[in-house]
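Novice: Its first residue numbered 1, the sequence shown is counted upward by one per residue in full-length UniProt numbering.
Glycine is no exception: its CB is placed at the ideal position from the N, C-alpha and C atoms.
Handing you a structure now.
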Amino acid sequence: MGLLVITAAAVAYGAAAGLLLPRAAYRLSVDPDARWRDRCPEGHPIPGWLGPPHCRGGGAATPAHRYGTAPAGTATLAGVLCGVLGAAVGGRPEAAVFVAAAPVLLLLALVDLAVQRLPDVLTLPLAGALALGLGAAALLPGAAGSWTGALTGGGALAGAYLLLFLLNPAGMGFGDVKLALALGVTIGWYGWGVWAAGAFLGFLYGALYGLALVLRGSAGRRTAFPFGPFMAAGALTGVLLGGFGA
């Protein structure tokens with residue numbers, strides 16, 4: 001019964017958070033040298049960062065309209081992600097940290113898919129929040145991971161991505177390196193086996209997607225595509241393995 005309550009709470013939180021993501025995704029989806037969007041496609045000011053992507057309009061001359069990602073889709077996806085995490089980790093204290101971070105990772109994925117960019121305003125605070133959150137979780141009874149392992153995993157994965165970036169800057173963005181820091185903290189929590197699985201699966205998912213594009217004729221061997229969503233998917237799989245295993 002307790003697990004059902006936790007899963008339901010995670011789904012409810014995820015769905016509520018997902019409803020708020022589309023406006024932020026639209027505002028953040030700009031080129032690296034551009035300012036964050038502060039107006040809708042029709043030129044109306046956007047109030048705040050969180051909420052549904054629509055303008056109320058001002059009468060017949062400026063009717064209400066929508067833009068960006070549909071809130072129903074982000075709410076559904078965020079609810080599913082948080083619910084699966086809640087079911088996997090259960091009542092252990094780290095569950096709150098992982099569930100809370102899931103909508104932020106979804107937001108990063110939406111922005112990366114739109115403009116192949118992972119904003120520092122999200123990646124770096126996320127890494128810090130995960131490190132602090134898991135540090136607090138490690139102090140509570142029932143925690144199934146290691147804070148030291150989380151910090152070491154974050155440094156190791158970020159270091160590995162930094163090396164790949166230095167070897168081939170055209171094949172990987174520096175935003176991926178910063179995201180790797182947060183994801184490494186997450187998968188390092190459950191040990192090196194989970195860390196290795198999460199890191200490997202991120203590359204595998206990305207490679208399969210790239211291969212599918214090439215086979216369909218939609219891209220060439222050197223075509224760039226957003227890698228952040230696949231990194232996040234690999235880390236999510238690792239956390240699920242670690243959560244169910246613990």
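1. Kindly indicate which residue of Trp189, Leu167, Gly171 has the alpha-carbon position closest to the one of Leu151.
2. Decide yes or no for the touch test of the stretch 1-16 against the stretch 28-41: beta carbon pairs closer than 8 Å, at least 3 of them.
3. Counting along the chain, where does the alpha helix (DSSP H) carrying Thr152 start and finish?
4. Can you tell me whether Cys55 is helix, strand or coil according to DSSP?
5. With the cut-off set at 8 Å, would you say Thr7 and Gly91 are in Cβ contact?
6. Exposed or buried, what is Pro22 when buried is set at 16 or more other beta-carbons lying within 10 Å of its beta-carbon?
7. In angstroms with no decimal places, state the Cα-to-Cα distance between Glu122 and Val104.
8. If you draw a straight line from the alpha carbon of Thr76 to that of Leu106, how long is it in whole angstroms?
9. Among Ala70, Val194, Leu108, which has the Cα closest to the Cα of residue 258?
10. Determine whether the beta carbon atoms of Gly79 and Val99 lie at a separation below 8 Å.
11. Could you have a look at Arg37 and say whether DSSP puts it in helix, strand or coil?
12. Return the first residue and the last residue of the alpha helix (DSSP H) that Val214 is part of.
13. Using DSSP with H/G/I as helix, E/B as strand and the rest coil, what is Arg66?
14. Using the C-alpha atoms, what's the distance from Asp120 back to Gly43?
15. Would you call the stretch 23-30 in contact with the stretch 110-120, where contact means no fewer than 3 C-beta pairs closer than 8 Å?
16. Going by alpha carbons, who is nearest to Ala224 out of Ala232, Leu213, Met231?
17. Please list, in chain order, all residues of the same chain as Ala24 whose beta carbon is under 7 Å from its beta carbon, the five residues on each side excluded.
18. Cβ atoms of Pro32 and Pro52: under 8 Å apart, would you say?
19. Here's a check: name, in chain order, each residue in its chain whose Cβ is nearer than 8 Å to the Cβ of Gly191, leaving out the five neighbours to either side.
20. Helix, strand or coil: how does DSSP classify Pro22 here?
Specialist: Working from what's here:
1. When only C-alpha atoms are compared, the closest one is Trp189.
2. no
3. 147-167
4. Cys55 sits in a strand when the DSSP states are folded into three classes.
5. For the 8 Å CB-CB criterion, Thr7 and Gly91 do not form a contact.
6. By the 10 Å Cβ count, Pro22 comes out buried.
7. Before going on, a small fix: residue 122 reads as Leu here, not Glu. Cα to Cα, Leu122 sits roughly 8 Å from Val104.
8. 11 Å
9. Residue 258 is absent from the model: the chain starts at 1 and stops at 246.
10. no
11. coil
12. Counting along the chain, the alpha helix (DSSP H) containing Val214 begins and ends at 192-216.
13. DSSP places Arg66 in strand when its eight states are reduced to three.
14. 26 Å
15. yes
16. Measuring from the Cα of Ala224, the nearest candidate turns out to be Leu213.
17. Trp49, Leu50, Leu107
18. Their beta carbons are not under 8 Å apart, which means Pro52 does not touch Pro32 by this criterion.
19. Gly145, Ser146, Gly149, Gly242
20. helix
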